[in-house]
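Encoded as structure tokens, the structure appears first; notes follow it.
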Amino acid sequence: MAGYLQPWKAAVVLALLGAATAAVSGVPFGVTTSYLKWMAGVEQGLSPAHVASLPIYGTELVQMTLPFGGGLLTGGAGPALDAVALMQYPLIGGIVFGAALSSYLLGEWCWYGRVPCRQLAAAFAGGILMAFGSRLSPGCNVWHLWGGLPVFALQSLLFIAGLLPGAWLGSRLIARIVLSKETP
Amino acid sequence: MIPPPEESILDIRGQVCPSSLLTTLRALNQHAASLRRGDLRLRILTDSRDAVSTIPAAAENMGFLVGVEKLPAGHYEVVISHAAD
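In the order they appear, the protein sequences are chains A and B. Using this note's numbering, the first residue of the first sequence is number 1, and each one after it goes up by one. Using this note's numbering, the first residue of the second sequence is number 1001, and each one after it goes up by one.
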């Protein structure tokens, strides 16, 4: 079928990309710190003093030496365009625009709004839970499964220990939500 | 002469995995007897590319005959009917 990519091929490409990123920057790919950065950016406009007072926005999370003789670049969850932005923004852009381009090239692109309300609410609630979890861990499945697990990072192993029962529970819940009689 | 089977349309456009598959499985279970007798044919409209892989695999495992067609509008039609004897 057009547009179908065999999972093993995607896995090999992702592994090579992840390994190349870790080799060049010393840290794996991530996504969710960017969301915190955007939140910090919004809050910066409303209450700069509050942003400055929160330790999470001031903590340095990434410290990387730029390749080819470049200098040291640092980054964190604050609103600045830094190393985290350099690494994560292109990835997020690639996910969103790559998916859109793929559907456009296959003639599938369209706007469609008639999504069942319960599923919409479940997706929104799931997003909130995932965002909250990704700050507690800290890191999302991209960071832990793609970056931490290959090097057996203890933090990522703990993440997976929580991920498996969470996924089981989520699948039970989503089945009840989707199959509810109220769903059109 | 055997009358043509009735058609039931399940429009699940806008739904993504796993909702697409769950909704289809519910419909398959509800109409299993009619489908197996050949009285009914289920037409599923979906715009989820993943569903075009998962729904046929599940329906075929249940012994149904499945056809997939991409429509000019950009979405897909999955037709499920009784298995040919």
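Every residue, glycine too, gets a C-beta built ideally from N, C-alpha and C. All figures in this text were calculated on a predicted structure; none of them were measured in a lab.
If we call anything under 8 Å between Cβ atoms a contact, is residue i one with residue j?
| i | j | result |
| --- | --- | --- |
| residue 1075 of chain B | residue 1013 of chain B | yes |
| residue 1005 of chain B | residue 1038 of chain B | yes |
| residue 62 of chain A | residue 27 of chain A | yes |
| residue 1042 of chain B | residue 1027 of chain B | yes |
| residue 77 of chain A | residue 57 of chain A | yes |
| residue 112 of chain A | residue 1047 of chain B | yes |
| residue 160 of chain A | residue 173 of chain A | no |
| residue 1030 of chain B | residue 1023 of chain B | no |
| residue 35 of chain A | residue 131 of chain A | yes |
| residue 178 of chain A | residue 119 of chain A | yes |
Using a Cβ-Cβ cutoff of less than 8 Å, which residues in the same chain neighbour residue i once the five nearest sequence positions on both sides are dropped?
| i | result |
| --- | --- |
| residue 106 of chain A | 2, 3 |
| residue 86 of chain A | 73, 75 |
| residue 184 of chain A | Legend: pLDDT at residue 184 of chain A = 47, less than 50; position of this residue unreliable, no value from coordinates given. |
Since I believe residue j is in contact with residue i (beta carbons under 8 Å), could you give me their beta-carbon distance rounded to a whole number of angstroms?
| i | j | result |
| --- | --- | --- |
| residue 32 of chain A | residue 139 of chain A | 7 Å |
| residue 1057 of chain B | residue 1017 of chain B | The pair is not a contact, with the Cβ atoms about 12 Å apart (cut-off 8 Å). |
| residue 18 of chain A | residue 146 of chain A | 5 Å |
| residue 79 of chain A | residue 37 of chain A | 6 Å |
Using a Cβ cut-off of 8 Å (strictly closer), state whether residue i contacts chain A.
| i | result |
| --- | --- |
| residue 1043 of chain B | no |
| residue 1047 of chain B | yes |
| residue 1081 of chain B | no |
In chain order, what residues of the same chain lie with their CB nearer than 6 Å to the CB of residue i, ignoring the 5 residues before and after it?
| i | result |
| --- | --- |
| residue 1069 of chain B | 1077 |
| residue 65 of chain A | 72 |
| residue 1066 of chain B | 1056, 1059, 1060, 1080 |
| residue 1009 of chain B | 1043 |
Taking CB distances under 8 Å as the criterion, tell me whether residue i reaches chain B.
| i | result |
| --- | --- |
| residue 7 of chain A | no |
| residue 139 of chain A | no |
| residue 127 of chain A | no |
| residue 96 of chain A | no |
| residue 119 of chain A | yes |
| residue 84 of chain A | no |
| residue 114 of chain A | yes |
| residue 69 of chain A | no |
| residue 3 of chain A | yes |
Identify, in the order they occur along the chain, each residue of the same chain with its Cβ nearer than 7 Å to the Cβ of residue i, setting aside the five sequence neighbours on each side.
| i | result |
| --- | --- |
| residue 102 of chain A | 3 |
Contact set between the segment 100-112 of chain A and chain B, restricted to residues whose Cβ is under 9 Å from the partner: 102, 103, 106, 107, 108, 109, 110, 112
Cβ-based contacts, 7 Å cut-off: residues of the segment 1003-1034 of chain B near chain A: 1013, 1014, 1015, 1018, 1019, 1022, 1023, 1026
Cβ-based contacts, 9 Å cut-off: residues of the segment 1063-1075 of chain B near chain A: 1068, 1070, 1072, 1073, 1074, 1075
Interfacial residues, the segment 159-181 of chain A to chain B, with Cβ spacing under 7 Å: 174, 175, 178, 179
Members of the segment 25-58 of chain A that neighbour chain B once the beta carbon cut-off is set at 8 Å: none
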